[in-house]
Amino acid sequence: MREAPPAIRLTPALQACIAAYLAAMLLAFVDVRLSAVPLALFLFLCIAAPFFPGFGFYLPVISRGCSGRRAVAITFDDGPDPVTTPALLELLKRHDAAATFFIIGGHAAEHRSLVKKILSDGHTIGNHSYHHSPLLMLRSLSHLRAEIRSTQALLSEFSVSSLAFRPPVGITSPRLGPVLAEAGLICVNFSCRGFDAGNRRISRLSGKILRRVKPDDIILLHDRAPKSSVDLGKFLNEVELILVGLNDKGLEIIPLSEIIGRPITK
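Going letter by letter, the sequence shown gives residues 1243 to 1508 in my numbering.
As structure tokens, then:
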């Protein structure tokens, strides 16, 4: 007996497409010019949706936890970095806090010892593409596949297989879903950030995070060296204020896998 083919998942994008098409047909009976309205709205939604990290318009996106606990997860993007990563690891160890580092493959290839240190300190690692192009989601399917697979191959050298991918700048596209499905990856974005522009704007970072943070949030920070050594000290102080402030708010810092109820690596 042959197995039934897998059911097609109606993503919000597909549902919106069907709704816009049906609305256009109905409006055409009233005035053909009105049929352009739902189609234009659908086009606008297609363009705008990828820029909302928590909106799984084209594919399932995890941006918040589901633990039901007064807890949060901390994630760092863009590392490893020889300036910030060792200092962050020391800071996390001092506060007994676990984090997930979404690493750039090219950076990891240059700083393999830092990848080993992240893992040996008990943290988890996610895939953040190989070159971190902010326009990655506009590139071809083959290019997107190569960016993700290259980073996966690099991580395998450390006997680690990441199960989570975070797109550069949190931007998604219609191409991303099939590529992640092929690689056995889930898309994990974030729900709380300080809009630090990759550590180019670190002033009052802790205040921005602590004002917004809620239970089950996935916090986005960056593992990237600020402009100067003075800014590095400010950045580390801001991260420490976040760690202390979360504790003061009664929010436990737990691994990302516990927040979302799914493994991050295997």
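The beta carbon of each residue, even a glycine, is placed where N, CA and C say it ideally should be.
Going straight from the alpha carbon of Leu1269 to that of Cys1288, what length do you get?
21 Å
If you reduce the DSSP assignment to three classes, tell me which class Pro1248 lands in.
Because Pro1248 sits at a pLDDT of 46, beneath the cut-off of 50, its placement in the model cannot be relied upon, and the point is left open.
Comparing the C-beta of Ile1346 with each C-beta of chain E, is any distance below 8 Å?
The structure shown contains no chain E; it holds only a single protein chain.
Burial state of Gly1492 (16 or more Cβ within 10 Å)
Its Cβ having fewer than 16 others within 10 Å, Gly1492 is exposed.
Tell me His1464's beta-bridge partners as DSSP assigns them.
Asp1319
For Asn1441, count the other beta carbons within 10 Å of its own beta carbon; 16 or more makes it buried, fewer makes it exposed. Which is it?
buried
Please give me, in chain order, every unbroken run of the alpha helix (DSSP H) with length at least 4 that falls completely inside the stretch 1322-1398.
1326-1336, 1347-1352, 1354-1362 and 1383-1398
For Asp1273 and Val1430, the rounded distance between their alpha carbons
43 Å
Reducing DSSP to helix, strand and coil, say where Phe1407 ends up.
strand
Report, in whole angstroms, the separation of the C-beta atoms of Leu1452 and Glu1480, which I expect to be a contact under 8 Å.
Actually they are not in contact, since the Cβ atoms of Leu1452 and Glu1480 sit about 10 Å apart, beyond 8 Å.
When you compare each of Arg1504, Ile1428, Ser1415 and Leu1333 to Asp1465 by their alpha carbons, which one comes out closest?
Nearest of Arg1504, Ile1428, Ser1415 and Leu1333 to Asp1465, Cα basis: Leu1333.
Where does Asp1459 fall in DSSP's three states?
Of the three classes helix, strand and coil, the one that applies to Asp1459 here is strand, per DSSP.
First through last residue of the alpha helix (DSSP H) which encompasses Ile1451
Leu1447 to Arg1454
Ile1506 versus Ser1403 - alpha carbon distance
9 Å
Given a cut-off of 8 Å, decide if Pro1409 and Ser1375 are closer than it, judged by their beta-carbon atoms.
no
By DSSP's criteria, Cys1429 is part of a beta bridge. Which residues make up the other side?
Val1303 and Phe1407
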